[in-house]
Amino acid sequence: MKPAGFDYAVPRTVPEALDALADTRQDVRVLAGGQSLILEMHLQRIRPDLVVDINRVAELDRLSVNDGTVEVGALVRHGVFESAQAAPGPLGTLLSLAVVNIAHPPIRARGTMVGSLAWAHPASEWCSIAAALDADIRLQGPQGAREVPARDWFRGPLKTARRPGELITSVRFPLLGEDTGVGFIEHRRTHFCFAQVAVAAALTIRDGVISEARIGLANCADRPVRARAAEHALVGAEVGSPGTGYRLPEGHPFVRAGRIAAEQDAAPLAEPYADLEYRRHAIAVLVGRTLRQAARGVPR
Ligand SMILES: Cc1cc2nc3c(=O)[nH]c(=O)nc-3n(C[C@H](O)[C@H](O)[C@H](O)COP(=O)(O)OP(=O)(O)OC[C@H]3O[C@@H](n4cnc5c(N)ncnc54)[C@H](O)[C@@H]3O)c2cc1C
177 MKPAGFDYAV PRTVPEALDA LADTRQDVRV LAGGQSLILE MHLQRIRPDL
227 VVDINRVAEL DRLSVNDGTV EVGALVRHGV FESAQAAPGP LGTLLSLAVV
277 NIAHPPIRAR GTMVGSLAWA HPASEWCSIA AALDADIRLQ GPQGAREVPA
327 RDWFRGPLKT ARRPGELITS VRFPLLGEDT GVGFIEHRRT HFCFAQVAVA
377 AALTIRDGVI SEARIGLANC ADRPVRARAA EHALVGAEVG SPGTGYRLPE
427 GHPFVRAGRI AAEQDAAPLA EPYADLEYRR HAIAVLVGRT LRQAARGVPR
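Once you know that position 220 of the sequence shown is 396 in the numbering used here, the rest is easy, because the numbers rise by one and skip nothing.
Structure follows, in C-alpha cells:
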C-alpha cells in the first residue's frame with residue numbers, strides 16, 4: 177500500500193520544529209529515522225495529517241558527555257553505538273552489546289535511539305536499557321522544557337508520557353562506574369524477529385559481594401520493565417562461582433534472581449510461538465545468563 181496524503185514540514189532548528197508541531201490537527205508526527213513510522217504509514221495504520229521531518233535539525237545530531245551522564249540527541253542513529261567507544265566505560269559496552277540485536281545494518285544506519293524511546297515498543301532493546309538505568313527523556317513543547325524519567329515514561333505498548341506538540345530532544349543515561357560489569361542477551365525466534373525476551377544487566381561487585389544491580393527486560397510485559405524485585409534480591413549476595421557450564425549451579429543467586437524476575441517483575445503475554453510457561457522459563461534462564469555475563473565483566 178501507499179501512505180495516505182499528508183502535509184510535510186522540514187524545520188531546520190528546534191524552535192521551527194516546535195512551531196510546526198504546534199499544528200492543532202489530529203495526527204501530527206515527528207519523522208526521525210522513519211524505520212517504524214514509514215512502515216506504519218505504508219500499511220495505513222497511521223495516517224498523519226502532518227509529518228514534521230527533523231532530519232535537517234543539526235543540533236539534534238549530538239552525543240555529549242557531561243557531569244557523569246551521556247546525552248544522546250534525537251538524531252543519533254542506532255548504528256553509532258556499534259562502537260563501544262561511542263559512550264565511555266561500561267555504558268558504551270552495554271550499548272554496543274545491545275545494538276547488534278536491533279534489526280539489521282540498513283535499519284541501524286537510519287533509525288534513532290530516541291525514535292525507539294518515542295515508539296516505545298515493549299520488545300525494544302533501547303527501551304529495556306533506558307528502564308534498567310532509569311534514563312531521563314528530555315522534551316521541549318508548548319509548555320517549555322521538561323525531563324521524564326524512564327520509570328514514568330512507558331505507559332503501555334506504543335504509549336508514552338509525551339504530550340501533544342512535544343519534541344523529544346535527547347535522552348540522558350547515567351555513566352556506569354569502572355567497577356561495573358554489563359551484559360545483554362536476547363532470544364528471538366528468527367534473526368528478523370523482534371526479541372521474544374531480552375535482558376540488560378549492570379552489576380557492581382566489591383570483594384565478591386554485589387553492591388548494585390540493574391536489570392531491564394524487553395518483551396516481558398506490555399512495556400519495558402525494570403526488574404526491581406530481582407535487583408533487590410541480588411544486593412548483598414555473594415557471587416561465588418557462577419560456573420562456566422551451560423546451566424548455572426542450582427541455588428546460585430543469579431538463578432534465584434532469574435526466577436524472581438520471571439515470577440514477580442515480568443508480566444509476559446502469551447504469543448503464538450510462546451505460551452506463558454515457556455516465556456517465564458525463558459525470562460528466568462536469560463536473566464541468570466545475563467547476570468553471569470555482567471559478573472564476568474567486573475574488573476578484578
Ligand atoms: C524490519 C525491521 C526490523 C526492526 N527490528 C527492530 C528490533 O529488533 N528492535 C527494535 O528496537 N526496533 C526494531 N525496528 C524498529 C527500528 O528500531 C526503528 O528505528 C525505531 O523503532 C524507531 O526509530 P526511528 O528513528 O526510525 O523513528 P521513526 O520511525 O521516525 O518514528 C517512530 C515514532 O516515534 C516518533 N518520534 C520519533 N522521534 C521523535 C522525537 N524526537 N520526538 C517525538 N516523537 C518522535 C514518531 O513520530 C513516530 O511516531 C525494526 C524496524 C524494521 C523496519
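Virtual Cβ for every residue (Gly too), placed ideally from N, Cα, C. Remember, it's a predicted structure, so these values are computed and weren't measured experimentally.
> Given a threshold of 16 other Cβ atoms within 10 Å of its Cβ, counted over all protein chains shown, does Gly421 qualify as buried or as exposed?
Replying inline: exposed
> Skipping 5 residues on each side, what residues in its chain have a beta carbon closer than 6 Å to that of Asp146?
Replying inline: Within the shown structure, residues of the chain are numbered from 177 to 476, placing residue 146 beyond reach of any answer.
> For Thr380, which residues does DSSP report across the bridge?
Replying inline: Thr356, Glu388
> Secondary structure at Ala450, three-state DSSP: helix, strand or coil?
Replying inline: strand
>> Checking 8 Å against the spacing of the C-beta atoms, do Gln440 and Ala405 come in under that value?
In response: yes
>> Between which residues of its own chain and Ala326 is the CB-CB distance below 6 Å, once the five residues before and five after are set aside?
In response: Ala306, Ala307, Asp310, Ala311
>> Quick check on the burial criterion: 16 or more other C-beta atoms within 10 angstroms. Buried or exposed for Thr200?
In response: exposed
>> Less than 7 Å between C-beta atoms, sequence neighbours within five positions excluded: which residues of the same chain meet that for Ala262?
In response: Leu239, Val256, Gly268, Leu271
>> Below 7 Å, is the gap between the Cβ of Arg390 and the nearest heavy atom of ligand 1?
In response: no
>> Quick check on DSSP: helix, strand or coil for Val463?
In response: helix
> Going by C-alpha distance, which of Ala196, Val252, Ala294, Pro318 is nearest Leu213?
Replying inline: Ala294
>> Helix, strand or coil, according to DSSP, for Phe370 in the structure here?
In response: coil
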